[in-house]
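Colleague: First, the structure itself, so that you have it in front of you.
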Amino acid sequence: MNTTVQRYFKAFNAGDVDGMLDCLSDDVAHHVNEGQVREGKEKFRAFCEHMNRCYRENLTDMVVFDAEGGTRASAEFIVNGTYLATDAGLPEAKSQTYRLPAGSFFSLADGKITRVVTYYNLADWTRQVS
């Protein structure tokens, strides 16, 4: 199992943004669900800070997959969350809880994550918090 990806998710669940950043290459490409690609650690940090203001999330039922050679990995998991503060363009936040299947895909080089892609069903999330 990919130890870099494991450390990344352990840091996520601990709310440790610096720990997540430590797993990333300086030029990481972050493909956000329903959003634009953000490049670099500073944009990733800004995204995490925004998410931590609006959402409290814990990932469970984690299964990590590795491709031969260690250059790719993926994970599927359940996002258990609370919607804390209204995010622009989305329903009003009232501390609603949600449970959402999701998945992430990773590219890796030299022990660092160079690409993070995360997918979930936004319509399902919207239904749960509306």
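Plus 189 on top of the position in the sequence shown (first one is 1) and you've got our numbering.
C-beta: ideal position from N, C-alpha, C; glycine also.
1. If contact is defined by three or more beta carbon pairs under 8 Å, each pair taking one atom from either stretch, is the region 199 to 209 in contact with the region 268 to 287?
2. Between the region 203 to 223 and the region 297 to 311, can you find at least three pairs of beta-carbon atoms closer than 8 Å?
3. Quick check: the region 312 to 319 against the region 285 to 293, are there 3 or more CB pairs under 8 Å?
4. For LEU297 and ALA262, what's the separation of their Cα atoms in angstroms?
5. So, at 8 Å on beta carbons, what are the nonlocal neighbours of LEU311 in its own chain, with the 5 sequence-adjacent residues on each side left out?
6. Rounded to the nearest angstrom, how far is the Cβ of ALA291 from that of ALA282, given a contact under 8 Å?
7. Using only the alpha-carbon positions, how far apart do PRO280 and ARG242 sit?
8. Which first and last residues belong to the alpha helix (DSSP H) in which LEU248 is found?
Modeller: In short:
1. The region 268 to 287 vs the region 199 to 209: no contact.
2. By the Cβ criterion, the region 297 to 311 is in contact with the region 203 to 223, since at least three pairs of Cβ atoms, one from each stretch, lie closer than 8 Å.
3. By the criterion of at least three beta-carbon pairs nearer than 8 Å, the region 312 to 319 is in contact with the region 285 to 293.
4. Looking at the two C-alpha atoms, the distance is approximately 8 Å.
5. These residues qualify, in order along the chain: ASN222, GLU223.
6. In fact, because the Cβ distance is near 19 Å, the residues do not count as touching under 8 Å.
7. If you draw a straight line from the Cα of PRO280 to the Cα of ARG242, it is about 15 Å long.
8. First-last for LEU248: 244 to 255, but that is the beta strand (DSSP E), not the alpha helix (DSSP H).
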